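**Student:**
Protein chains: 2
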Amino acid sequence: MSKDFEVAPDNYANWFALYHLCQKLGKRKEIHINSTEFGVLLSVSQQTASRRIQNLEELNWISRNIDGKQQIIEITELGTEIMLRMYRMLKKILDSILIAGEVSEGMGEGGYYVAIEGYYNQFKEKLGFEPYKGTLNLDLDEINYSLLREKLIDMRFVTISGFKDENRNFGDVKCHHCYVFPLKDKRNKVKAAILNIDRTHHGKNIVEILAEPFLRDYFNLKDGDRVIIELIYEDKPLS
Amino acid sequence: MSKDFEVAPDNYANWFALYHLCQKLGKRKEIHINSTEFGVLLSVSQQTASRRIQNLEELNWISRNIDGKQQIIEITELGTEIMLRMYRMLKKILDSILIAGEVSEGMGEGGYYVAIEGYYNQFKEKLGFEPYKGTLNLDLDEINYSLLREKLIDMRFVTISGFKDENRNFGDVKCHHCYVFPLKDKRNKVKAAILNIDRTHHGKNIVEILAEPFLRDYFNLKDGDRVIIELIYEDKPLS
DNA sequence: ATTACTAAAACCCGAGTAG
DNA sequence: TCTACTCGGGTTTTAGTAA
Chain A
0 MSKDFEVAPD NYANWFALYH LCQKLGKRKE IHINSTEFGV LLSVSQQTAS
50 RRIQNLEELN WISRNIDGKQ QIIEITELGT EIMLRMYRML KKILDSILIA
100 GEVSEGMGEG GYYVAIEGYY NQFKEKLGFE PYKGTLNLDL DEINYSLLRE
150 KLIDMRFVTI SGFKDENRNF GDVKCHHCYV FPLKDKRNKV KAAILNIDRT
200 HHGKNIVEIL AEPFLRDYFN LKDGDRVIIE LIYEDKPLS
Chain B
0 MSKDFEVAPD NYANWFALYH LCQKLGKRKE IHINSTEFGV LLSVSQQTAS
50 RRIQNLEELN WISRNIDGKQ QIIEITELGT EIMLRMYRML KKILDSILIA
100 GEVSEGMGEG GYYVAIEGYY NQFKEKLGFE PYKGTLNLDL DEINYSLLRE
150 KLIDMRFVTI SGFKDENRNF GDVKCHHCYV FPLKDKRNKV KAAILNIDRT
200 HHGKNIVEIL AEPFLRDYFN LKDGDRVIIE LIYEDKPLS
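So the sequences go chain by chain: A and B.
Taking numbering that gives the first Met the number 0, the leading residue of the first sequence gets 0, the next gets one more, and so forth.
Taking numbering that gives the first Met the number 0, the leading residue of the second sequence gets 0, the next gets one more, and so forth.
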């Protein structure tokens, strides 16, 4: 895993050319594309597209067989490695971005559900702490919300099972382990959980946080204060 | 989530400029960098770096405060979205690449362990099938091995617990659910499991596969035949 | 129909330097 | 010091075509 490789300015166009080829590839092993089509794909002329393919071949990022009218392109190991490296770098970048939200009024309807006995006992047991019977509402802007969802895709979650009482059904609740801390005081991290990210309230991107202390008092928060959510990547197995 | 956005040829340099800024950012909210340093980062002159920053500002990918000698740069929502989109695209590309390996001689030492009673009963129970008492060895080239590891990072796994008998200790074994099928016959997928990816044998990238049938016969495989591993992304919670 | 060469046009970079 | 303008030179693109 050498760290010396970087795409240099005179290779930007080639990198994007490779990227577009990979997109076209899908699950197949090789691509049939002529330089005119490739030009359309890249928004450049046929001539430039042709030259790009020559460049990629010289770089050993692709290999090809020109067979009369047909040009069959394969991505080489090196080419795949180039893509993989960029993926890893972007992943690292996105992982390092902190998710921030603003303290929002109200306790969130989640707060009401937490206190219900059928849920509460499970929260205690499965989260490993005895939660305050209410939630902290954090309002995330589009990009923080989008990033949070992206990060949660690959994350393990805890399921609080739904149940029935005489009147109604209570659905499953999904939680994700996290820490929260105020932007102003990064030292003071509190173990917490994000509740049911799926449901959006009031058309805003509200995320409800569950923790042992009453966070508004504990962190001395006012509406609009910024709070950071730090996800916990569990390493535990499936079963 | 508009899908209309694509980085165009006249924006490649700007995209990479943004990428390098994001790398520099880390967990901070803003970057203090002058155009000379930025030039070094991008391997271009101070003048070009300066122009790049102007471009990024016009694109609304960054915002900045020039405060006499100091230039403070923040990535905008749009800028973050640009990065996020590329991340998603690359993720999609890598997900769609099939992992292939060549059938390799021998049964792998894993085959010996599978048959041991302390393990075997767990395999049966936790994998949901009664495995053949031997493994299929697949030899992956560097890039397939690298990709496999990358994909497994975010994946759930099944732990087969270690145990002790009178003579020795048997360690934990990690398995990942997957399907396997021969490259020649994509229709014929068999439920299988990848054993303990961590250990490399003989300096090669050997991956051992566990399945109910004796795969060499079932697929009529010879050494060197190519077999595809398709990972199964479980949606199950942690507990 | 292809790919890809040549040559002119368009574009970009960086040295010099202003503010 | 810094950013960023101008402009000459170099590079890249594309139109026209050859193969």
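C-beta: ideal position from N, C-alpha, C; glycine also.
Quick caveat: nothing in here was measured; it's all calculated off a predicted structure.
I'd like to check one pair, Ile196(B) with Arg148(B): are the Cβ atoms closer than 8 Å?
**Tutor:** In contact: Arg148(B) and Ile196(B) (Cβ atoms closer than 8 Å).
**Student:** Grab the span of the alpha helix (DSSP H) containing Ile92(B) for me, first residue to last.
**Tutor:** Unbroken alpha helix (DSSP H) run through Ile92(B): 76-95.
**Student:** In chain order, which continuous runs of the alpha helix (DSSP H) of length 4 or greater are located wholly inside the segment 114-198 of chain B?
**Tutor:** Qualifying alpha helix (DSSP H) stretches, in chain order: 116-126, 141-152.
**Student:** In chain B, what lies closer than 7 Å to Leu89(A) by C-beta?
**Tutor:** Residues of chain B passing the Cβ test: Met82, Met85, Tyr86, Leu89.
**Student:** Within the same chain, show all residues whose beta-carbon is closer than 7 Å to that of Asp138(B), passing over the 5 residues directly before and after it, in chain order.
**Tutor:** Excluding sequence neighbours, Asp138(B) sits near Gly100, Glu101, Ser103, Lys203, Asn204, Ile205.
**Student:** Please state whether DSSP places Asp9(B) in a helix, a strand or coil.
**Tutor:** Looking at Asp9(B) - three-state DSSP - the assignment turns out to be helix.
**Student:** Restricting to Cα atoms, I'd like to know which of Asn168(B), Ile71(B), Leu58(B) is closest to Ala12(B).
**Tutor:** With distances taken between Cα atoms, Ala12(B) lies closest to Leu58(B).
**Student:** Given a limit of 7 Å on CB to CB distance, which residues of the segment 21-38 of chain B reach chain A?
**Tutor:** Listed by position along the chain: Cys21, Gln22, Gly25, Lys26.
**Student:** So within the segment 36-60 of chain B, which uninterrupted alpha helix (DSSP H) runs reach at least 4 residues, ignoring any that extend past its ends?
**Tutor:** Counting whole runs of 4 or more residues, the segment 36-60 of chain B contains the alpha helix (DSSP H) stretches 45-58.
**Student:** Near Gln53(B), what residues of its chain come up, given a Cβ to Cβ distance below 7 Å and the 5 sequence neighbours on each side ignored?
**Tutor:** Nothing meets the Cβ criterion.
**Student:** Since Gln70(B) sits in a beta bridge, which residues does DSSP pair it with?
**Tutor:** Gln70(B) pairs with Ile65(B).
**Student:** Please state the DSSP three-state secondary structure of Glu229(A).
**Tutor:** Of the three classes helix, strand and coil, the one that applies to Glu229(A) here is strand, per DSSP.
**Student:** Residues of chain A with a CB under 7 Å from the CB of Ile92(B): which are they?
**Tutor:** The answer, in chain order, is Cys21, Gln22, Met82.
**Student:** Quick one: grab the DSSP three-state call for Glu108(B).
**Tutor:** The answer is helix: DSSP assigns Glu108(B) an H, G or I state.
**Student:** Go through its chain and collect everything with a Cβ distance to Trp14(B)'s Cβ below 6 Å, but skip five positions before and after it.
**Tutor:** Counting only Cβ-Cβ distances below 6 Å, and skipping sequence neighbours, we find Val6.
**Student:** Quick one: does Pro8(A) have its CB under 8 Å from some CB of chain B?
**Tutor:** True, the Cβ-Cβ gap to chain B drops below 8 Å.
**Student:** Should Phe213(B) go down as buried or exposed, given a rule of 16 or more other Cβ atoms within 10 Å for buried?
**Tutor:** Phe213(B) should be labelled exposed.
**Student:** Over what stretch of residues does the beta strand (DSSP E) that includes Leu284(B) continue unbroken?
**Tutor:** Residue 284(B) cannot be examined here, being either before or after the span of chain B that is shown, 0 to 238.
**Student:** Run through chain B and tell me which residues come within less than 7 Å of Thr134(A), C-beta to C-beta.
**Tutor:** Per Cβ cutoff of 7 Å: no residues; Thr134(A) is ~20 Å from chain B at best.
**Student:** Kindly list, in the order they appear in chain A, the residues whose Cβ is closer than 8 Å to that of Glu129(B).
**Tutor:** Correct list: empty, because the minimum Cβ distance to chain A is about 17 Å.
**Student:** Determine, using beta carbons only, whether Gly133(B) and Gly117(B) come nearer to each other than 8 Å.
**Tutor:** Their beta carbons are not under 8 Å apart, which means Gly133(B) does not touch Gly117(B) by this criterion.
**Student:** Could you check the C-alpha separation between Val226(B) and Tyr232(B) for me, to the nearest Å?
**Tutor:** Cα to Cα, the separation comes out at about 19 Å.
**Student:** Identify the continuous beta strand (DSSP E) that holds Ile98(B) and give its terminal residues.
**Tutor:** Run containing Ile98(B): 98-102, per the beta strand (DSSP E) assignment.
**Student:** When you compare each of Tyr112(B), Leu220(B), Arg167(B) to Lys173(B) by their alpha carbons, which one comes out closest?
**Tutor:** Out of Tyr112(B), Leu220(B), Arg167(B), Tyr112(B) has the C-alpha closest to the C-alpha of Lys173(B).
**Student:** Taking 8 Å as the cut-off, does the segment 19-26 of chain B touch the segment 70-88 of chain B (at least 3 CB pairs, one atom from each stretch)?
**Tutor:** With a cut-off of 8 Å, the segment 19-26 of chain B and the segment 70-88 of chain B count as touching, because enough Cβ pairs lie within range.
**Student:** At a CB-CB cut-off below 7 Å, which residues of chain A make contact with Ala12(B)?
**Tutor:** Those within 7 Å of Ala12(B) in chain A are Pro8, Tyr11.
**Student:** Would you kindly check if the distance between the Cβ of Met85(A) and the Cβ of Ile92(B) is under 8 Å?
**Tutor:** Not a contact, by the Cβ cut-off of 8 Å.
**Student:** Counting only beta-carbon separations shorter than 8 Å, does Glu141(B) have a partner in chain A?
**Tutor:** For Glu141(B), the answer is yes, since a Cβ of chain A falls inside 8 Å of its Cβ.
**Student:** Going by Cα to Cα distance, which pick from Leu209(B), Phe162(B), Ser145(B) is closest to Phe128(B)?
**Tutor:** Nearest of Leu209(B), Phe162(B), Ser145(B) to Phe128(B), Cα basis: Leu209(B).
**Student:** For Thr35(B), tell me which candidate among Ile61(B), Lys68(B), Arg27(B) has the shortest Cα-Cα distance.
**Tutor:** Selected option, being the one with the closest Cα: Lys68(B).
**Student:** Under 8 Å by Cβ, that's how I've got Ser145(B) and Lys26(A) pegged, so tell me the actual separation to the nearest angstrom.
**Tutor:** That pair is no contact at about 18 Å.
**Student:** When burial is assigned at 16 or more other CB atoms within 10 Å of the CB, is Arg167(A) buried or exposed?
**Tutor:** Answer is exposed; the Cβ neighbour count stays below 16.
**Student:** At the 8 Å Cβ level, is Leu97(A) part of the contact set with chain B, yes or no?
**Tutor:** Yes, its Cβ sits closer than 8 Å to a Cβ of chain B.
**Student:** Between which two residues does the alpha helix (DSSP H) harbouring Asp216(B) extend?
**Tutor:** Start and end: 214-217.
**Student:** Does chain A have any CB closer than 8 Å to the CB of Phe218(B)?
**Tutor:** Phe218(B) does not count as touching chain A.
**Student:** Output, in chain order, the set of chain A residues within a Cβ distance shorter than 9 Å of Leu41(B).
**Tutor:** Chain A residues near Leu41(B): Pro8.
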